[in-house]
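Protein chains: 2
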Amino acid sequence: MASPPMPRFSASYRIETPLDPERAAAAMAGEQSSGTFLKLAGETDALRERHAARVEAVTPLERRQAPSLPGALPGETYHRAEVTLSWPLESIGASLPNLLATVLGNLTELRELSGIRLTDIALPDDFIEAFPGPQFSVGGTRQLAGVDDGPLIGTIIKPSVGLSPEETAALVRQLVEAGIDFIKDDELIADPPYSPLAERVPAVMRVIEEHAQRTGRKPMYAFNITGDIDEMRQRHDLVRDHGGTCIMVSVNWIGMSSLVALRRHAQLPIHGHRNGWGLFYRHPQIGISYCAYQALLRLAGADHLHVNGLGSKFAEADTSVIDSARACLTPLLEAPGRDDRAMPVFSSAQTVHQAPATYAALRSTDLIYTCGGGIMGHPDGVAAGCRSIRAAWEATASDTTLEEHARQEPDLAVALRAYPSPFSG
Amino acid sequence: MASPPMPRFSASYRIETPLDPERAAAAMAGEQSSGTFLKLAGETDALRERHAARVEAVTPLERRQAPSLPGALPGETYHRAEVTLSWPLESIGASLPNLLATVLGNLTELRELSGIRLTDIALPDDFIEAFPGPQFSVGGTRQLAGVDDGPLIGTIIKPSVGLSPEETAALVRQLVEAGIDFIKDDELIADPPYSPLAERVPAVMRVIEEHAQRTGRKPMYAFNITGDIDEMRQRHDLVRDHGGTCIMVSVNWIGMSSLVALRRHAQLPIHGHRNGWGLFYRHPQIGISYCAYQALLRLAGADHLHVNGLGSKFAEADTSVIDSARACLTPLLEAPGRDDRAMPVFSSAQTVHQAPATYAALRSTDLIYTCGGGIMGHPDGVAAGCRSIRAAWEATASDTTLEEHARQEPDLAVALRAYPSPFSG
């Protein structure tokens, strides 16, 4: 009986339940093991012992008078609690979609729960090592973009829809001449008839390659290749063959299986856009923590992952943005030569104003800082916009206030006046 | 200027907003077109006219004192409204992940909204016709399973985890001898080390083929092949090569791109399991209506789609279950020889009791009715369980009450006593 312990994976939740939390946790474990309301003939004790989900911990929290989510069993009070379940790795093997079917599955539908949020997933090394992880991570991205330190200063092609390949390329010319490090397609444009990648990629890359030959620095352009897997593989090859250095996908809509498949094919960094993510965090009692989910996206192969930005136009709290960015920069597994971090991508109404707080919270510049209007809307033009953002990050790194640094950086001074701070008032 | 109108697609939402609903709708359209806080240089009026999202309708509904979701702009009251937006098809082309990036994208994160639920998507014929849709639908499934009329009576292999391929095959032998039409793997088992498909498929299909040769009827077994796309293609081939007639996938975890790719490869019906779906419906003010989503899953190629069941153990309301099932059975496009319906799959604590109400609401038996304990837990065994469910549906179709029909169907009589009705008390 002294066989080595089987590796297990575990998932933690914040739940709300009309039942005693211990009973709710047992119902969760039951649903995610045998999954029926009867003890069945084939279900021996030995089998149950070996394969059943195990309740590892239940920590009661506060109580509420009313349920957060409809459809739950009636109760007099609703108990919140932290619950951790675990499963033998043998039950799923190394598979991300099947991991999700196990740690989420039907749990979100249980009437025993009036709230359920997946907060964390802990994976054994065996599982982590079965995936290739980010191929380029921070170091590879910096090398390709020619940015040794500081954040990659980036922007998004705007307007998001409607520009022809030639109009896009003309905008890219402006941006690369302005000194940008990183440009991305918007998530709203992938391969539409009015700007097919077969034309947009060569048009854009002609500009970038020309610039690279003249200046020795090749800004990174993330082409949105979102599509079905065969389309994405072809589009990846198209980007690669034209000298492109990054591909972007809407990770939530292509899905985990396609991201894994794309990574196994890819020779370029994968820029993971998480549009739709609001579905998973907008209500605090239902959803998935990005700290848990980003780990799976990295295992699947994302090199860059969006985290919103501080003081953004979106509903996410700044603390959540920082938690997400820190999670992306925390190794899944530490080993010599291994770097499985993803570069967090800050975006949404970012201007010079957010640089100090972002750095103060993160103490790292291993990030991509993208501004749309924050660069393109600078009163003195795109080049000034680009310089102003870079100046803001220089100030931050040298522990100088933006106002102080602006005395010697006129573009920063103009930006500080032109853009209202999201933190004042 | 008399060019033909461009085909457009539209999406409808139920929103909640601290702003005037018209202004909120305009913010939504802006976010899903130009996507920045400034009017930009490249954004001419002509381009805006051609590509911008258009607000088609805003219908104010009730007001609320408090916001349903945190993170929204502050307001004195929160207006609920129905909003419809439309976009030119030219902006995305025929792509499901890019459709989702457009109709959902960042909308769920907007601070202008304290509630957003995608309720409907209307697609032009051009878009629908670009997808292969369900390959087998109702007719093809009936033909493969040898069930000309009435629902396919099905079950799920339980316990969900832990059975070896041989144990699974032994259970399948019991079930097919009991007269079952349809068996499925649980969503918790796909290709784990303790029961690899390479062994489970041959073991199960040996039993089914033997039964088919003896009786002329071949029950359908849905093997859960969820994995990355290359794995799924290989596993599909394995199932097909052993005479299997159905593959199952966890649609939410493999993602839309992989489902499209799998469908283009598949020669077998695709059984779409929607585990995780609770994330999208559990709170009424954030999520996606299954009536909208199931259409996309059908375009991607699902032949069968889970809808929960009446009086189930889950939190979904019975009205929502029926709406979903009706939606699955409503053609996307009517044309001679075309059948793009998906068979709705009823499950979760189903017994003899739910048959009458299910039929009364749906007026159709083009469905799969799966019972776990409702068949396997019958006091007189699995064959009696199977007969009892079939008898319940016979009663329903002939407008007889279960109690009346039970007089001549002893297995039904036993089941009625053994299982408590979910509708009483």
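Residue numbers (this note's numbering), protein chains in the order written: chain G, 5 to 429; chain W, 5 to 429.
Cβ atoms here follow ideal geometry from the backbone N, Cα and C, with glycine treated the same way.
All values derive from a computational prediction rather than experimental measurement.
Q: Reducing DSSP to helix, strand and coil, say where R239 of chain W ends up.
A: helix
**Q.** is_contact[D124 of chain W, chain G] using C-beta, thresh 8 Å
**A.** At a cut-off of 8 Å between beta carbons, D124 of chain W makes no contact with chain G.
Q. So the alpha helix (DSSP H) D124 of chain W belongs to, where does it begin and stop?
A. Not the alpha helix (DSSP H): D124 of chain W falls in the beta strand (DSSP E), residues G119 to A126.
Q. Going by beta carbon distance, what residues of the same chain come within less than 7 Å of D327 of chain W, once the five residues before and after it are set aside?
A. C295
Q. What residues in the segment 324-344 of chain W have a beta carbon less than 9 Å from any beta carbon of chain G?
A. none
Q) Can you give the Cα-Cα distance for F41 of chain W and A353 of chain G, rounded to whole angstroms? A) Residue placement at F41 of chain W cannot be trusted, given a pLDDT of 47 that sits under 50; what the coordinates show is reported in the next sentence. Spanning the two alpha carbons is a distance of roughly 7 Å.
Q: Consult DSSP for V264 of chain G and reduce its assignment to one of helix, strand or coil.
A: helix
(Q) Strictly below 8 Å CB to CB, what residues from chain G border F284 of chain W? (A) L283, listed in chain order.
Q. With 8 Å set as the bound, which would you pick, yes or no: does the beta-carbon of E133 of chain W sit closer than that to a beta-carbon of chain G?
A. no
Q.
Quick check on DSSP: helix, strand or coil for Y373 of chain G?
A. If DSSP states are grouped into helix, strand and coil, Y373 of chain G belongs with the strands.
**Q.** Within chain G, partners of I233 of chain W - CB distance below 7 Å
**A.** I233, S261, S262 and A265
**Q.** Partner residues on chain G for F318 of chain W, Cβ-Cβ distance less than 8 Å
**A.** G75, N110, E113, L114 and R115
Q: Kindly indicate which three-state DSSP category L23 of chain G falls into: helix, strand or coil?
A: coil
Q | Integer Cβ distance of G305 of chain W from P128 of chain W, believed to fall under 8 Å | A | About 19 Å separates the two Cβ atoms, so there is no contact after all.
**Q.** Outcome for R84 of chain W when other beta-carbon atoms lying within 10 angstroms are tallied against a minimum of 16
**A.** buried
Q) Cα separation between K317 of chain W and A57 of chain G? A) 19 Å
(Q) Let me make sure I understand the geometry here. Which of G:R121, G:A202 and G:H275 has the alpha-carbon closest to that of D190 of chain G? (A) G:H275
Q | Beta-carbon neighbours of H55 of chain W, restricted to chain G and to distances below 7 Å | A | V165 and G166
Q) Rounded C-beta distance between A182 of chain G and V356 of chain G? I'm assuming under 8 Å. A) V356 of chain G and A182 of chain G do not touch by the CB rule: their CB atoms are close to 15 Å apart, not below 8 Å.
Q) What's the C-alpha gap between S38 of chain G and W91 of chain G? A) 12 Å
Q: For T230 of chain W, go through chain G and note every residue whose CB falls closer than 7 Å to its CB, in chain order.
A: P101, N102 and A105
Q. How would you list, in chain order, the residues of chain G whose beta-carbon sits under 7 Å from the beta-carbon of G97 of chain W?
A. D195, P196 and P197
Q: Please name the residue, chosen from G:S99, G:T374 and G:A50, that lies closest to S262 of chain G on a Cα-to-Cα basis.
A: G:S99
Q. At a CB-CB cut-off below 9 Å, which residues of chain W make contact with A321 of chain G?
A. P74 and G75
**Q.** G291 of chain G - containing beta strand (DSSP E), residue span
**A.** Following the DSSP letters along the chain, one finds G291 of chain G inside the beta strand (DSSP E) bounded by residues I290 to I292.
Q.
Please list, in chain order, the residues of the segment 9-38 of chain W that have any C-beta partner in chain B closer than 9 Å.
A. In the structure shown, chain B cannot be found, because the protein chains are G and W.
Q. Contact check, A226 of chain G vs M252 of chain G under 8 Å by CB: the rounded distance?
A. 4 Å
Q) Quick one: what's got a C-beta closer than 7 Å to G291 of chain W's C-beta in the same chain, skipping five residues either side? A) Answer for G291 of chain W: R121, F284 and Y285, listed in chain order.
Q. Hey, R115 of chain G and A76 of chain G: beta-carbon distance below 8 Å or not?
A. yes
Q: Could you tell me the distance, in whole angstroms, from the CA atom of R268 of chain W to the CA atom of T21 of chain G?
A: 43 Å
Q | Rounded distance between the beta-carbons of T374 of chain G and I160 of chain G, thought under 8 Å | A | 6 Å
Q) Do you know offhand how far A33 of chain W's Cα is from L420 of chain G's? A) 29 Å
Q: Please state if the CB of P335 of chain W and the CB of H308 of chain W are separated by a distance shorter than 8 Å.
A: no
Q) From V208 of chain G to A173 of chain G, what distance separates their C-alpha atoms? A) 5 Å
Q | Distance, A422 of chain W Cα to M347 of chain W Cα | A | Taking the straight line joining both Cα atoms gives about 29 Å.
Q.
For a test of the three-state rule: what should DSSP assign to E203 of chain W, helix, strand or coil?
A. helix
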